[in-house]
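Working notes for the structure below.
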Amino acid sequence: MTITHTTDGIIDHYRSAFSARAPHLPGAGTDWLPQRRREAFDRFSRLGFPSPDREDWKYTPIDALTEHSYRFADEQFADDGHPGDSLPERHRNTIEALYLPDTDGYCLVFIDGRHIPELSRAGKPAAGAVVGSLAENLAAPTGTPAARIPDRYLDRHLPTPVSGFAALNSALFTDGALIYLPAGTTLPEPVQLLFVSTHGEEPAISLPRILIVAEPGSAVDVVESFASLDDAIAGNAPHLTNAVTEIAVGANARVRHCKLQTEAEQTALHVATVRVHQAEDSRFLSHSVSAGARIARNDIEAVIDGEGGECTLDGLYLAGGRQHVDYHTRIEHAKPNGTSQERYKGILTGKAHGVFNGEVYVHPHAQHTDAKQRNENLLLSKNAQVDTKPQLDIFADDVQCAHGATVGQMDENMLFYLRSRGIAVDEAEKLLTYGFAGEIVHRAPVPGLETKLTHDVLTRALDSGFAGSGG
Numbered sequence: 003m004t005i006t007h008t009t010d011g012i013i014d015h016y017r018s019a020f021s022a023r024a025p026h027l028p029g030a031g032t033d034w035l036p037q038r039r040r041e042a043f044d045r046f047s048r049l050g051f052p053s054p055d056r057e058d059w060k061y062t063p064i065d066a067l068t069e070h071s072y073r074f075a076d077e078q079f080a081d082d083g084h085p086g087d088s089l090p091e092r093h094r095n096t097i098e099a100l101y102l103p104d105t106d107g108y109c110l111v112f113i114d115g116r117h118i119p120e121l122s123r124a125g126k127p128a129a130g131a132v133v134g135s136l137a138e139n140l141a142a143p144t145g146t147p148a149a150r151i152p153d154r155y156l157d158r159h160l161p162t163p164v165s166g167f168a169a170l171n172s173a174l175f176t177d178g179a180l181i182y183l184p185a186g187t188t189l190p191e192p193v194q195l196l197f198v199s200t201h202g203e204e205p206a207i208s209l210p211r212i213l214i215v216a217e218p219g220s221a222v223d224v225v226e227s228f229a230s231l232d233d234a235i236a237g238n239a240p241h242l243t244n245a246v247t248e249i250a251v252g253a254n255a256r257v258r259h260c261k262l263q264t265e266a267e268q269t270a271l272h273v274a275t276v277r278v279h280q281a282e283d284s285r286f287l288s289h290s291v292s293a294g295a296r297i298a299r300n301d302i303e304a305v306i307d308g309e310g311g312e313c314t315l316d317g318l319y320l321a322g323g324r325q326h327v328d329y330h331t332r333i334e335h336a337k338p339n340g341t342s343q344e345r346y347k348g349i350l351t352g353k354a355h356g357v358f359n360g361e362v363y364v365h366p367h368a369q370h371t372d373a374k375q376r377n378e379n380l381l382l383s384k385n386a387q388v389d390t391k392p393q394l395d396i397f398a399d400d401v402q403c404a405h406g407a408t409v410g411q412m413d414e415n416m417l418f419y420l421r422s423r424g425i426a427v428d429e430a431e432k433l434l435t436y437g438f439a440g441e442i443v444h445r446a447p448v449p450g451l452e453t454k455l456t457h458d459v460l461t462r463a464l465d466s467g468f469a470g471s472g473g
């Protein structure tokens, strides 16, 4: 039984918006996307938003995500203009500081869900590869490769049943990114997708859609970055980012997908769905760091649908004050000889709340599966809280699977050792916290990302008193 949270007035708000916006959305002139959008909105109408009565949503403060009839963030811009046209210089500087260092690869910048070419950067092209705005590619002439790719892959690998959030994105997304690698192609530099939100006087929503396709034998690294401009201050209305990423990894292909979420802690709300489909002998790695937003919900699901597939999920979440961060992962071993590893770590202080729910599902015929899952949490205050639930559902008899979870506080013996060597208590706490997070930070697979995580996220958090905030 699917339990939903419908809130009739909000559903009616989106129904009216769909009727008004659908004829003008990207792909409206194609012979396939309008129908797919209608089907998605019908699913959303039936599903509504998840209810806290559902096991997988019972810890997420769903009412805070659905209490507003959000306006669409891109409506503040003229149809023929770009939000970058009148962007203040200080905001341009803020955005440029978010660029991934040590790389000359593609960087696509989006403000409130719309692609901004003048702030973006082109990378080194590869023969047959497509890297660009999803909306622009949906406008490509019928029959061209750029037009055929979304038709073949878009909305094909989402979970069944999808959540109401994912269905709403499928129905009403305005823009996003398309990354396509033909067989045997490798992009030499990572692709950064930078999504920046503004915050104004009215609650707003943006719906980024990302489609990544790696054909057999290809390889690509992608970094999704989510941030807020510095006008996201207390008293401003919330901005909800509802993002969906679909990733298709072909036989013998490799995709490394990284995500860095540092949106405004007081006004940003973040819901993200990542769905991965893997063919035989494919390799997929997810490296996800969540350090922002008042509420952040991340759903990551990978289906190893080919023999010999490898899946690695690494994650780090930092939360303080009254932040809520929520990771739900599912790795489905559908074929034999698959390998998966999960490592998630959480650091929480103040009155923050963290949730980790990780499931590994092994089908009866997926023999010789090797799956490992671990979640570790460090609580830096007596009022911080974490709910962790690693889960194995195994229906094959010749497998090696293990899981574990820990929740603890600062190691007093290690703290005493450092203090006995003349290190002040605040510095000692920073060192131990950094050491705890370092395993995930140092596993960042993309050049420049470890540097950004170390200096822009972890060091900044610790220098601001995160480790010693107590409460």
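When you read off a place in the sequence shown, starting at 1, and then add 2, the result is the number in the working numbering.
All C-beta atoms, glycine included, are put in the ideal place defined by N, C-alpha and C.
Count the other CB atoms within 10 Å of the CB of residue i; is the residue buried (16 or more) or exposed (fewer)?
i	result
D44	exposed
R17	exposed
P152	buried
W59	buried
Q411	exposed
V459	buried
Y72	buried
E414	exposed
K384	exposed
K454	buried
D223	buried
T390	buried
R299	buried
Y61	buried
T264	buried
Helix, strand or coil: which one does DSSP assign to residue i?
i	result
Y182	strand
E334	strand
D399	coil
F481	Past the edges of the chain, shown from 3 to 473, lies residue 481, and the structure says nothing about it.
I425	coil
D12	At residue 12 the sequence reads Ile, which differs from the Asp that was named. Note: I12 maps to helix in three-state DSSP.
L136	helix
I118	coil
F2	Because the chain spans 3 through 473 in this model, residue 2 falls outside it and cannot be assessed.
V459	helix
S199	strand
D82	The pLDDT assigned to D82 is 45, lower than 50, so where the model puts this residue is not dependable; a value taken from the coordinates is nonetheless given after this. If DSSP states are grouped into helix, strand and coil, D82 belongs with coil.
H2	Here the chain comprises residues numbered 3 to 473, so residue 2 is not present and cannot be evaluated.
H370	coil
F1	There is no way to answer for residue 1, as the model of the chain reaches only from 3 to 473.
S172	helix
T68	helix
Considering Cα atoms alone, identify which of the options is closest to residue i.
i	options	result
V278	Q268, I297, L231, L315	L315
K432	D465, D400, E441	D465
T32	I333, P192, E69, A148	A148
G178	R158, V222, G125, L27	L27
G340	P392, V291, D400, T351	D400
I64	F51, E57, R73, K374	F51
P54	S47, F358, L67	L67
S292	Y319, E267, D307	Y319
V225	Q387, D413, C109	C109
N238	K347, A270, L170	A270
F309	R38, S284, E91	Note on residue identity: the sequence assigns Glu, not Phe, to residue 309. Comparing Cα positions, the closest option is S284.
R154	V133, L213, S208, H117	L213
A407	V193, H70, Y346	Y346
E191	A229, R150, P103, S288	P103
D114	A75, E98, H93, R23	A75
N359	A295, H405, P119	H405
A463	Y436, P449, P447	Y436
I349	H93, A386, S342, R116	A386
V388	C403, I396, A321, L189	A321
Q393	L231, L451, R376	R376
Pull up the DSSP beta-bridge partners for residue i, would you.
i	result
G348	Y319, N379
R256	A221, R285
F468	DSSP output for F468 lists no bridge partner at all.
K261	E226, S290
D328	R299, V357
G406	R376
S208	T243
P392	G360
F438	According to DSSP, which records beta bridges pairwise, F438 is partnered with nothing at all.
I249	I214, V278
Measuring from the CB of residue i, is there a heavy atom of the ligand GTP at a distance below 7 Å?
i	result
V198	Inclusion of the ligand GTP in the displayed structure is not the case, the ligand content being empty and no account of it being possible.
The segment 182-190 contacting the segment 213-229, beta-carbon criterion three pairs below 8 Å: The answer is yes - the segment 213-229 touches the segment 182-190, with three or more Cβ pairs under 8 Å.
The segment 131-142 touching the segment 197-209, judged by at least three CB pairs closer than 8 Å: By the Cβ test, the segment 131-142 is not in contact with the segment 197-209, since fewer than three Cβ pairs between them sit closer than 8 Å.
Inter-stretch contact (C-beta, 8 Å, three-pair minimum) for the segment 129-138 and the segment 235-253: The segment 129-138 and the segment 235-253 do not touch, with fewer than 3 CB-CB distances between them shorter than 8 Å.
Touching by the beta-carbon criterion (3+ pairs, under 8 Å), the segment 268-286 and the segment 441-452: Taking a contact to require three or more Cβ pairs closer than 8 Å, the segment 268-286 and the segment 441-452 do not qualify as touching.
The segment 326-344 touching the segment 355-373, judged by at least three CB pairs closer than 8 Å: Inter-segment contact for the segment 326-344 and the segment 355-373 is present: three or more beta-carbon pairs are separated by less than 8 Å.
Stretch pair the segment 322-331 + the segment 300-308: three plus CB contacts closer than 8 Å: By the criterion of at least three beta-carbon pairs nearer than 8 Å, the segment 322-331 is in contact with the segment 300-308.
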